[in-house]
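For reference, the structure discussed in these notes is given below.
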């Protein structure tokens with residue numbers, strides 16, 4: 017049972033880290049979570065120099081659709097926790113953004129003594145750079161996410 021709460025806590029921290037860089041829409045954030053929290057997928061993406069360079073025939077990409085759906089409940093719970101805690105809010109009816117209270121929390125993420133969290137936060141920064149110019153359509157198509 018602790019693992020479930022741990023995953024949701026990690027998801028909240030990842031979402032806060034991503035939103036500290038810029039506002040993200042829900043569709044993109046929901047993809048970032050399994051990309052970062054799944055070790056094999058994260059490792060493969062971090063080894064590539066750009067998102068366009070990833071091997072779309074790699075077994076990790078073929079299995080990503082299932083991982084995406086497995087992480088959706090964790091993502092949804094994390095978003096609800098963050099909204100109810102007033103750490104994030106929906107902005108312009110499409111993008112989530114940090115509130116003033118959230119900025120203070122996001123700066124303190126680096127002081128949490130968790131090796132896994134520190135790796136996830138570092139990987140989030142690298143991944144956000146790689147996805148900066150990738151459209152949602154390209155992201156979903158490359159990762160073979162079926163809606």
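Numbering (my numbering), first residue to last: 17 to 163.
Backbone N, C-alpha and C define an ideal beta-carbon position, used for all residues, glycine too.
These numbers were taken from a predicted model, which means no experiment stands behind them.
Alpha carbon of residue 93 to alpha carbon of residue 69, nearest angstrom: Numbered from its first residue, the chain shown carries residue 93 at position 77. Numbered from its first residue, the chain shown carries residue 69 at position 53. When rounded, the distance between both Cα atoms is 32 Å.
Straight-line Cα distance separating residue 140 from residue 33: Here residue 33 refers to the residue found at position 17 of the chain shown. Here residue 140 refers to the residue found at position 124 of the chain shown. The alpha-carbon separation between residue 33 and residue 140 amounts to approximately 7 Å.
Residue 80 beta carbon less than 8 Å from that of residue 57: Your numbering for residue 57 matches position 41 in the chain shown. Your numbering for residue 80 matches position 64 in the chain shown. Residue 80 sits close to residue 57, with the two beta carbons spaced by under 8 Å.
Same chain only: Cβ atoms within 7 Å of residue 52, ignoring 5 sequence neighbours per side: Here residue 52 is taken as the residue at index 36 of the chain shown, counted from 1. In the same chain as residue 52, and ignoring 5 residues on each side of it, the C-beta atoms closer than 7 Å to its own belong to 30, 58, 136, 139, 140, 143, in chain order.
Among 72, 64, 67, 48, the one whose alpha carbon lies nearest that of residue 87: Walking along the chain shown from the start, residue 87 turns up at place 71. Minimum Cα distance to residue 87 is reached at 48.
DSSP bridge partner residues for residue 78 (one or two, in chain order): Position 62 of the chain shown, counting from 1, holds the residue named residue 78. Assignment of beta-bridge partners to residue 78 by DSSP yields no partner.
DSSP three-state assignment for residue 149, whether helix, strand or coil: Walking along the chain shown from the start, residue 149 turns up at place 133. DSSP places residue 149 in coil when its eight states are reduced to three.
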